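Each remark here refers to the structure printed beneath this line.
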Amino acid sequence: LYKDNDFVDALYNGLSGKGVFAIQIGETETTSDPGDDTGPDQDTANMMRALQSVGFQSMHNYDEGHSHFQAPWSYLVCLKDSKSRASWYRTAPEIEIELHQRLHSTESGAPALRFFDGSIMVDYQTPPKAAETTYCRKEDEPWECDEYLGIDPEFVNAPISHLEARKSTLGEHAGRGLFAAQDIPMHSTLDLSGSVKAFYFLPLTLSVLEDFYEWSDENDDEYGYVEDELSSIYTFAFGYGYVATLLGERHVTVDSGIQNFCNHGCNGTYNYGEEDGIGFTEMNVDVHRAPEALLNKASEVYSPVFERHLRQILAVGDYTLRDIHQGEEITCDYLSFVGDPVEWEEDVTGLRAQCLGETRGDIQEYEFETNADEPVFDNFATECA
1 LYKDNDFVDA
11 LYNGLSGKGV
21 FAIQIGETET
31 TSDPGDDTGP
41 DQDTANMMRA
51 LQSVGFQSMH
61 NYDEGHSHFQ
71 APWSYLVCLK
81 DSKSRASWYR
91 TAPEIEIELH
101 QRLHSTESGA
111 PALRFFDGSI
121 MVDYQTPPKA
131 AETTYCRKED
141 EPWECDEYLG
151 IDPEFVNAPI
161 SHLEARKSTL
171 GEHAGRGLFA
181 AQDIPMHSTL
191 DLSGSVKAFY
201 FLPLTLSVLE
211 DFYEWSDEND
221 DEYGYVEDEL
231 SSIYTFAFGY
241 GYVATLLGER
251 HVTVDSGIQN
261 FCNHGCNGTY
271 NYGEEDGIGF
281 TEMNVDVHRA
291 PEALLNKASE
301 VYSPVFERHL
311 RQILAVGDYT
321 LRDIHQGEEI
331 TCDYLSFVGD
341 PVEWEEDVTG
351 LRAQCLGETR
361 GDIQEYEFET
371 NADEPVFDNF
381 ATECA
């Protein structure tokens, strides 16, 4: 039934703009099962392709062992709007508050839910290992299975002792920069152990911060001191961090170590990033539309690999594109950090201005305006200005 195009069309069109469709898809897979496009689960695979082709923007698989079957069963949740991922990825406290607000008390006083709470929902957010395994056993292996399942053993990791931060060589307004303290060979990752310790401004946190910051700006006459206090953390988040929408709404990832000092390599001169690159620079890209090459990683409708490695995707994956000699500055491609198409034009225009020496980066501008005697955020190592 769910492979019938007319039925699937009617199902999709019958939902609201942010509608959700959930369905059980049978007994939970095991890691010894074949790929879902060749084994006994072909009907499920065909159904999922039909749901994706009709327009569902995000699909999520979870297991539940309390359905009173002889084995745990799997369920598929389909979101009509990818922005609804923000609800799927809420934190346990957010979910607990909403449950408290929406559930009615039972007459007996017993809990209304026996097998569900905020912590269980957080467990649902990470698909089971078996789902990832069978997904990657497809005859046409999805590209992310090669990209994100583990760390390529051929890559060398340059530890933090091979890096140093000092004044950038890229110009007056570049601020601090990241340098090689020793020779670093091509295809090396940088401080891999530190990269996985990145921290995050999740969508709700970021929303509260932005709303409070805007409110203090609008009420500057009376509450100017609030804006002053918030400006440092606001500048830290957006000056050092990079925005993404993988969790449905805007969120920011900030490296916790010295990689924060990696400056932008203007006009494609960067030496640290992805091997294939993105094929354009801040000087020749269309400022009015973010290229699909940047957005496709956030547009996977269904991928257990993505969901099981979200933190890895947000924090690691780049490596040196050539040999970097001791004392040479390491530069990144800031265009690849743009994860929100809404901010694309502003970000590209800002990068162009910085590359032309017409303006400062966020951190340098903040330090200039506050006339700080000492560099700001020294405890966090350095700046990707």
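Counting in this note's numbering, the sequence shown runs from 1 upward without gaps.
Glycine residues also receive a C-beta, built at the ideal position from the N, C-alpha and C atoms.
This one's a predicted model, so the numbers in the text were calculated from it and none came from an experiment.
Can you tell me where the alpha helix (DSSP H) with E144 in it begins and where it stops?
W143 to Y148
Give the straight-line distance between the Cα atoms of L321 and M186, rounded to the nearest whole angstrom.
6 Å
Member of R137, V305 and N260 whose CA lies at the smallest distance from the CA of I160
N260
If you draw a straight line from the C-alpha of H66 to the C-alpha of F116, how long is it?
10 Å
Of the choices E29, R49 and D37, whose alpha-carbon is the least far from that of N8?
According to the sequence displayed, residue 8 carries Val and not Asn. Nearest of E29, R49 and D37 to V8, Cα basis: R49.
Does the stretch 54–74 touch the stretch 18–31, meaning 3 or more C-beta pairs lie closer than 8 Å?
yes
Would you decide whether K167 is buried or exposed? Buried here means 16 or more other CB atoms lie within 10 Å of its CB.
exposed
Evaluate the contact criterion for the stretch 201–215 versus the stretch 324–333: three or more CB pairs, one atom per stretch, below 8 Å.
no
T31 and C133 - do their beta-carbons sit closer together than 8 Å?
Checking the sequence, you will find Thr at residue 133 rather than Cys. Yes, these two residues count as a Cβ contact at 8 Å.
Roughly how many whole angstroms lie between the Cα atoms of C384 and D36?
Its pLDDT being 36, under 50, C384 is placed unreliably by the model, and the measurement read from it follows with that caveat. Answer to the nearest angstrom: the Cα atoms are 43 Å apart.
Take every Cβ of the stretch 328–343, pair it with every Cβ of the stretch 243–254, and state whether three or more of those distances are shorter than 8 Å.
yes
How would you write the range of the beta strand (DSSP E) that A112 sits in, first residue to last?
That residue, A112, is in no beta strand (DSSP E); it is neither H nor E in DSSP.
Anticipated Cβ contact below 8 Å, G175 with Q364, distance rounded
4 Å
For a quick check, are the C-beta atoms of Y124 and V305 less than 8 Å apart?
no
Considering only DSSP beta bridges, list what N61 is partnered with.
L76
Run through DSSP, which three-state label would A180 get?
strand
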